[in-house]
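*Asks:* Counting in my numbering, the sequence shown runs from 29 upward without gaps.
Think of the CB as a built atom: it goes at the ideal place given N, C-alpha and C, for glycine as much as any other residue.
Take this structure first; my questions come after.
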Amino acid sequence: MDVRYFLGERLAFIEQLYFNGAAPFIERKRKIEAEEEPFVPPYSEDPEPAFLSEWLEAEESLQVIGRTCISMLSASFHLYFKTWERQLGRPVDDSYRSAFKRGWFNGYKAYFQGQFNVIFENSPCNLSLLEELVLARNRVQHPESITDQSSHYSADDLKKLPSPFFIDDRDRELLAEMEEGERSWLMPPTIHVTQEKLKAAIHEIGRFAEWLEQTDH
């Protein structure tokens with residue numbers, strides 16, 4: 029089986045899903061900001077911007093689509109490893125249990141090194157981004173509050189992610205200004221997905237798969 033081909037098919041599907049699903053909400057935000065029909069603001073002395081709720085709804089819809097795609101991306105990457113495990117005919121055994129308890133990416137990192145002497149750190153890829161993808165997926169799939177549509181990194185996540193990729197510029201600036209020990213009192217940053225960030229993650233998975241299949245295993 030050409031495992032990378034089928035991974036590529038999944039990655040392409042996820043990318044087009046975001047592009048087509050996000051388009052109407054991006055356009056709604058643009059029209060509101062440009063004050064175009066049907067979002068021409070009426071005269072009002074209310075200091076709140078016109079159509080604020082519609083803009084916020086569009087932004088939250090974009091984030092839900094983005095987080096859904098991140099979850100699908102992580103699941104596809106996981107399937108890629110599981111399929112290769114079957115193809116290679118060397119099932120993961122109990123000796124890797126402790127590594128897999130730290131996450132399936134860490135587990136397969138130990139598996140490929142132990143079985144084939146393939147060291148992920150030797151790849152030219154951004155392993156931190158790939159590891160963050162798994163953490164972000166876990167936070168998206170296990171929300172903690174019914175009152176909040178957003179997903180947030182946990183304090184434990186931030187210990188592993190000194191500079192998270194899937195956050196907005198405002199949260200990035202706040203984290204950069206804080207010493208690591210001071211972060212505990214901050215509200216954990218929201219997982220923020222844009223088309224550019226999603227494409228970067230898709231590209232990095234593709235690069236990693238290409239590198240892995242060029243190694244001797």
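1) Report the partner residues of T218 according to the DSSP bridge assignment.
2) Under the three-state reduction of DSSP, which class applies to H231: helix, strand or coil?
3) Could you give the DSSP three-state label for T175: helix, strand or coil?
4) Going straight from the alpha carbon of W213 to that of L203, what length do you get?
5) Where do the N-terminal and C-terminal ends of the alpha helix (DSSP H) with C153 fall, by residue?
6) Could you please give the first and the last residue of the uninterrupted alpha helix (DSSP H) stretch that includes A78?
7) Look at Y139 and V120 and say whether their C-beta atoms are less than 8 Å apart.
8) Return the CA-CA distance between F133 and L186, expressed in angstroms with no decimal places.
9) Within the same chain, show all residues whose beta-carbon is closer than 7 Å to that of I93, passing over the 5 residues directly before and after it, in chain order.
10) Out of Y181, Q242 and A229, point me to the one whose CA is closest to M100's CA.
11) Judging by CA-CA distance, which residue of Q242, H180 and F79 is the nearest neighbour of T218?
12) In whole angstroms, give me the CA-to-CA distance for K188 and S102.
13) Apply the 10 Å Cβ neighbour rule to E55 and answer buried if 16 or more other Cβ atoms are within range, or exposed otherwise.
14) Which value, in whole angstroms, describes the spacing of the CA atoms of F194 and N154?
15) Going by DSSP in three states, R114 sits in which element: helix, strand or coil?
16) Pull up the CB-CB distance for R95 and V168, whole angstroms please, since I reckon it's below 8 Å.
17) Can the beta-carbon of R118 be found less than 8 Å from the beta-carbon of Q143?
*Replies:* Result, derived from the coordinates:
1) Translated into the one-based positions of the sequence shown, residue 218 becomes position 190. The partner list for T218 (beta bridge, DSSP) reads H180.
2) For the purposes of this step, residue 231 is taken as the residue at position 203 of the sequence shown. It is helical.
3) Within the sequence shown, the letter at position 147 stands for residue 175. T175: coil per DSSP, three-state reduction.
4) Indexing the sequence shown from 1 puts residue 213 at position 185. Indexing the sequence shown from 1 puts residue 203 at position 175. Note on W213: pLDDT 44, under 50, position unreliable in the model; no value is reported.
5) Reading the sequence shown from its first residue, position 125 is the one you call residue 153. From DSSP, C153 is part of no alpha helix (DSSP H); its letter is neither H nor E.
6) Counted from its first residue, the sequence shown places residue 78 at position 50. Where A78 is concerned, there is no enclosing alpha helix (DSSP H), given that its DSSP letter is neither H nor E.
7) Reading the sequence shown from its first residue, position 111 is the one you call residue 139. Reading the sequence shown from its first residue, position 92 is the one you call residue 120. Contact: yes.
8) In the sequence shown, the residue the question calls residue 133 occupies position 105. In the sequence shown, the residue the question calls residue 186 occupies position 158. Straight-line Cα distance between these residues: approximately 17 Å.
9) Translated into positions along the sequence shown, residue 93 becomes position 65. If we look at I93 and ignore the five residues flanking it on each side, its Cβ neighbours are Y46, G49 and A50.
10) By one-based count along the sequence shown, residue 100 stands at place 72. For M100, the closest alpha carbon among the candidates Y181, Q242 and A229 is that of A229.
11) The residue given as residue 218 occupies position 190 in the sequence shown. Of the candidates Q242, H180 and F79, the one whose C-alpha sits nearest the C-alpha of T218 is H180.
12) Here the question's residue 188 lines up with position 160 in the sequence shown. Here the question's residue 102 lines up with position 74 in the sequence shown. C-alpha separation (whole angstroms): 18 Å.
13) Counting from one through the sequence shown, the residue named residue 55 turns up at place 27. Answer is exposed; the Cβ neighbour count stays below 16.
14) For the purposes of this step, residue 194 is taken as residue 166 along the sequence shown, with counting starting at 1. For the purposes of this step, residue 154 is taken as residue 126 along the sequence shown, with counting starting at 1. Rounded to the nearest angstrom, the two C-alpha atoms are 14 Å apart.
15) Counted from its first residue, the sequence shown places residue 114 at position 86. Three-state result, R114: helix.
16) Here residue 95 refers to the residue found at position 67 when the sequence shown is read from its first residue. Here residue 168 refers to the residue found at position 140 when the sequence shown is read from its first residue. With 8 Å as the limit, R95 and V168 qualify as a contact, their Cβ atoms being about 5 Å apart.
17) Here residue 118 refers to the residue found at position 90 when the sequence shown is read from its first residue. Here residue 143 refers to the residue found at position 115 when the sequence shown is read from its first residue. Their beta carbons are under 8 Å apart, which means R118 touches Q143 by this criterion.
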